[in-house]
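What follows is one structure encoded as structure tokens, with my remarks underneath.
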Amino acid sequence: MAAYATSLMEDVKAKNPAEPEFHQAVQEVAESLELVLDKRPEYRSARILERIIEPERVILFRVPWVSDQGEVKVNRGFRVEMNSAIGPYKGGLRFHPSVTLGMLKFLAFEQVFKNALTTLPMGGGKGGSDFDPKGKSDGEVMRFCQSFMTELFRHIGPNTDVPAGDIGVGGREIGFLFGQYKRLANEFTGVLTGKGLNWGGSLIRPEATGYGAVYFAAEMLGTRGETLEGKTCLVSGSGNVAQFTVEKLLDLGAKPVTLSDSNGYIYDEAGIDRDKLGFVKELKNLRRGRIKEYADRYPSAVFTPLVMEPGRGTDPIWQHKADCAFPSATQNEINAEDAQNLLRGGVYVISEGANMPTEPAGVELFLDAGILYGPGKAANAGGVATSGLEMAQNSMRFSWSREEVDERLHGIMKNIHARCVVVAEEFGTPGNYVNGANIAGFLKVADAMLDQGIV
Ligand code: NDP
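Using the working numbering, the final residue of the sequence shown is 609, and nothing's skipped along the way.
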């Protein structure tokens with residue numbers, strides 16, 4: 155690691171102990187920025203990166219609620235308002251038992267760069283709770299969401315901070331959160347994105363992250379004169395991002411063969427077709443069941459249980475022969491051994507639907523191998539970009555058609571790809587989308603911060 159990143163990381167670790175995901179995210183960006191700070195010393199003297207890594211504000215609050223059995227439960231709620239240099243804070247809410255302040259700081263930090271890449275006026279934020287919606291009744295989820303919003307509502311607003319969904323927060327949760335916001339604030343505004351279609355949501359928002367990750371992969375392949383047609387694809391996760399990744403892969407003639415959840419994964423040699431995807435959507439979004447049921451239903455598929463804990467060994471989902479991989483579950487789901495297995499299995503296109511799904515040693519292997527590696531910051535920016543489009547439609551009190559939003563999303567993904575390519579080349583690392591995304595996102599935010607003085 156170069157001198158600047160080394161000394162910055164010493165400070166980051168001393169000041170933010172026990173936040174390993176945050177350290178990991180900052181280190182990757184700091185390493186990319188070595189290339190910029192030598193050329194543009196004004197960023198260094200204005201301490202731009204040092205300011206970006208310090209959240210503008212962190213809100214931490216108690217979320218008490220009552221279970222169906224009448225027991226009092228207490229969870230912890232967070233909102234990290236990271237950076238508002240180019241627009242209101244924007245980023246999802248995650249409900250998962252693993253949520254900590256450090257995890258949300260990593261996600262909020264990444265969001266700042268990602269949002270800048272979309273070219274839309276959105277700052278970066280992230281929030282959530284250690285609440286686990288799994289196994290809870292609709293009534294319990296509603297009471298939790300209402301309690302969560304009873305504190306959060308005073309900190310957010312359509313021009314201040316606009317949350318959205320993330321892991322564990324889908325259409326159901328956004329509905330309950332919005333209902334409570336509206337009741338408390340006594341106004342109907344676009345304060346959340348991912349809303350239902352008949353109350354201010356945008357067409358294509360549910361699809362956007364998955365579709366965007368596939369559009370990004372198609373752009374990367376385009377640099378080699380190839381398309382997704384006929385490509386075998388590994389997809390992890392089976393939630394929002396994974397489902398619509400599979401859908402767009404099918405649209406473009408590819409063959410997705412895997413899906414997973416936290417209990418295991420299915421490998422379907424015959425390919426996951428539209429009917430099977432319909433089954434998965436019903437299983438996951440309505441019945442809230444486990445992916446194992448896919449293999450019970452379709453004999454061409456094999457279910458393998460798996461453990462995705464830190465310190466785990468290799469994950470068998472990444473051992474299958476394929477052309478492309480779309481990690482779409484969670485952070486650090488690909489370690490160095492998995493990365494080696496992916497390369498060994500012939501994978502040469504990776505488009506990250508999840509945030510930071512690859513550990514740093516894995517990223518290094520992908521970059522060294524010279525494959526088409528699209529980091530989450532760029533590849534999954536379609537979700538927040540379409541949230542930006544939802545905000546625009548809410549401001550105009552108007553809705554665009556499905557085709558119009560999809561066209562805009564596609565255009566944004568093409569632009570993000572092109573910008574990453576140009577910037578990576580400009581800074582002497584052609585084909586390195588990690589540097590391209592980190593530097594392009596940084597430049598936009600850094601210049602805004604310089605203009606706005608020491609705030
Ligand atoms: P969902 O909650 O809809 O789905 C998450 C999927 O990943 C589920 O299948 C879940 O399995 C699995 N998963 C989650 N955590 C773990 C874990 N610790 N170990 C194993 N499996 C896990 O979330 P999304 O699809 O919205 O999000 C997936 C990823 O995409 C996240 O990294 C998120 O930050 C990122 N992302 C999402 C965006 C969006 O628009 N939704 C935008 C940009 C990025 P199980 O049900 O068993 O927990």
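Don't be surprised by glycine CBs; every beta carbon is placed ideally from N, CA and C.
Pairwise C-alpha distance: residue j and residue i
i: L604; j: L597; result: 10 Å
i: V183; j: Y452; result: 43 Å
i: G281; j: K193; result: 35 Å
i: K521; j: A515; result: Just to set this straight, residue 521 is Leu in the shown sequence, not Lys. Cα-Cα distance, rounded: 10 Å.
i: N495; j: V609; result: 46 Å
i: I566; j: L271; result: 9 Å
i: N269; j: G246; result: 12 Å
i: A493; j: S553; result: 42 Å
i: H571; j: A396; result: 21 Å
i: K349; j: G293; result: 19 Å
i: G355; j: D284; result: 26 Å
i: V501; j: G524; result: 11 Å
i: V217; j: H250; result: 14 Å
i: E305; j: F215; result: 7 Å
i: H177; j: K288; result: 29 Å
i: V117; j: V456; result: Given that the chain is displayed from residue 155 to residue 609, the structure contains no residue 117 and the question cannot be resolved.
i: Y421; j: A362; result: 25 Å
i: T254; j: G379; result: 43 Å
i: E447; j: G324; result: 21 Å
i: R556; j: D450; result: 35 Å
i: A172; j: E491; result: 25 Å
i: S541; j: I593; result: 23 Å
Proximity below 7 Å, CB of residue i to CB of residue j
i: M374; j: G528; result: yes
i: A156; j: E188; result: yes
i: E564; j: Y369; result: Here residue 564 turns out to be His, not Glu, going by the sequence shown. Yes, Cβ-Cβ distance for H564 and Y369 is below 7 Å.
i: V538; j: A371; result: no
i: M296; j: F330; result: yes
i: A508; j: L388; result: no
i: I471; j: T412; result: yes
i: A408; j: L382; result: yes
i: L338; j: F307; result: yes
i: A179; j: F260; result: yes
i: Y197; j: A602; result: no
Residue from the options whose Cα sits closest to the Cα of residue i
i: Y587; options: C574, G595, E580 and V599; result: C574
i: E175; options: S541, Q547 and T512; result: T512
i: Y243; options: T273, A396, Y335 and G278; result: G278
i: D658; options: I445, G364 and E173; result: Any question about residue 658 goes unanswered here, given that the chain covers just 155 to 609.
i: W219; options: R211, M257, V228 and V212; result: V228
i: D315; options: E235, Q300, V323 and D286; result: E235
i: V212; options: G256, A591, A200 and V226; result: G256
i: S610; options: S301, S482, K568 and A533; result: No answer is possible for residue 610: the residues shown for the chain start at 155 and end at 609.
i: A578; options: S186, K385 and L403; result: S186
i: G311; options: K290, G241 and S301; result: G241
i: I426; options: P410, D560 and R441; result: P410
i: A535; options: P459, M550, E208 and S505; result: S505
i: G333; options: E264, G595, A362 and S301; result: S301
i: Q485; options: V517, S454 and H474; result: V517
i: P360; options: G384, T343, R444 and T399; result: T399
i: G366; options: T386, E401 and F342; result: E401
i: V226; options: F298, N170, R248 and T273; result: F298
DSSP beta-bridge partners of residue i
i: N229; result: V217
i: S283; result: G231 and F249
i: G314; result: First, the residue type needs correcting, since residue 314 is Thr and not Gly in the sequence shown. Beta-bridge pairing links T314 to no other residue.
i: K244; result: V316
i: T386; result: K409
i: P459; result: G418
i: C478; result: C387 and V503
i: L526; result: V503
i: V212; result: V234
i: G512; result: One point to set straight first is that residue 512 is Thr, not Gly, in the sequence displayed. For T512, which the question treats as bridged, DSSP gives the partners I488.
Neighbour flag for residue i against chain B, beta carbons, 7 Å
i: D469; result: The structure shown has no chain B; it contains just one protein chain.
Quiz prompt | Uninterrupted alpha helix (DSSP H) stretches inside the region 319-377 (no shorter than 4 residues) | solution = 325-339 and 359-376
Self-check item: Complete alpha helix (DSSP H) runs within the region 528-553 (minimum length 4 residues, chain order)
Solution: The region 528-553 is shown to contain whole alpha helix (DSSP H) runs of 4 or more residues at 530-533 and 535-550, in chain order.
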